[in-house]
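Following: one structure in structure tokens, then a few remarks.
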Amino acid sequence: MLEKTGRLLFRYRALIAVTFFILLFLFGRYRTIGLLPIILLLAGIGIRVWAAGYVGTDARKNAFQTGVRIVNGPYRVLRHPLYMGNLLLVIAVTAIYFPPRWFFIMIIIVFLVVYSLIVIGESSYIKNLPSGHGVFRLRNARHEMSTLLAVIIVLIIYFARRY
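Counting with the working numbering, you get residues 43 to 205 for the letters of the sequence shown.
What follows is the structure, encoded as structure tokens:
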């Protein structure tokens, strides 16, 4: 049951993110951006680019589709580095938009629940796959341009909202 739920949430993870961003936009308040959210934003993007360079386009699909379980690069340190990058991005963007504390906490809790279920589904999928050593390729990471573009749009909307 948890595995099926994780697979379903994986398929709709982008829609979930957009929904929460809209709510964040509605509940957020303007304030000067501190250094910590910017550091978290850059770290999140960096981790995602590093991980995507190893895993390739399989991570961008709407279903679990990889043929091997990557065990080197960032996957040597974390089993799910793309999700760690996402967590840093969510914390950073939420801090930038400065919603009420209850909403900030709710976003983090929902993220942790959703991605815990996704991890359960993905872990079930990859447990029987053979281990493989990926090679970092910049062309694999080029798909992270959409993540970078999304972050830029989020920041543009934040600054445009001020005026």
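For each residue, glycine too, the CB sits at the ideal point set by N, CA and C.
Just so it is clear, the structure is predicted and the values come from calculations on it, not from any experiment.
Pair within 7 Å by beta-carbon distance, Tyr96 and Phe146: Pairing Tyr96 with Phe146 gives a Cβ-Cβ distance that is not under 7 Å.
Per DSSP, Ser173 is paired with what? DSSP lists Arg111 as the beta-bridge partner residues of Ser173.
How would you call His122, buried or exposed, if buried means at least 16 neighbouring beta carbons within 10 angstroms? Burial is judged here by how many other beta carbons sit within 10 angstroms of a residue's own beta carbon; His122 has at least 16 and is buried.
For the alpha helix (DSSP H) holding Thr47, just list the boundary residues, first then last. 44-53 is the span of the alpha helix (DSSP H), which, as asked, contains Thr47.
May I have the straight-line CA-CA distance separating Tyr200 from Val60, to the nearest angstrom? Their backbone Cα atoms lie some 15 Å apart in a straight line.
How many Å lie between Leu65 and Gly109 at the Cα? Straight-line Cα distance between these residues: approximately 37 Å.
Length of the line joining the Cα atoms of Tyr54 and Glu45: Cα to Cα, the separation comes out at about 14 Å.
If you pair each beta-carbon of the segment 64-80 with each one of the segment 166-178, do three or more pairs fall below 8 Å? No, they do not touch.
Spatial neighbours of Ala183 in its chain, beta-carbon cut-off 6 Å, leaving aside the 5 residues before and after: These residues qualify, in order along the chain: Val91, Ala94, Gly95.
Between Arg111 and Gly174, how many whole angstroms is the CB-CB distance? I'm expecting something under 8 Å. That pair is a contact at about 7 Å.
Rounded separation between Gly163 and Ala105 - CA only: Approximately 10 Å, taken between the alpha carbons.
CB of Gly127 within 7 Å of CB of Gly86, strictly: Cβ atoms of Gly127 and Gly86: closer than 7 Å.
Roughly how many angstroms lie between the CA atoms of Ile160 and Leu129, to the nearest whole one? Cα to Cα, Ile160 sits roughly 13 Å from Leu129.
Measuring straight from C-alpha to C-alpha, what distance separates Leu120 and Val113? Each residue's Cα considered, the two are about 9 Å apart.
Please report the residue range of the alpha helix (DSSP H) in which Gly88 lies. Its alpha helix (DSSP H) spans residues 77-97.
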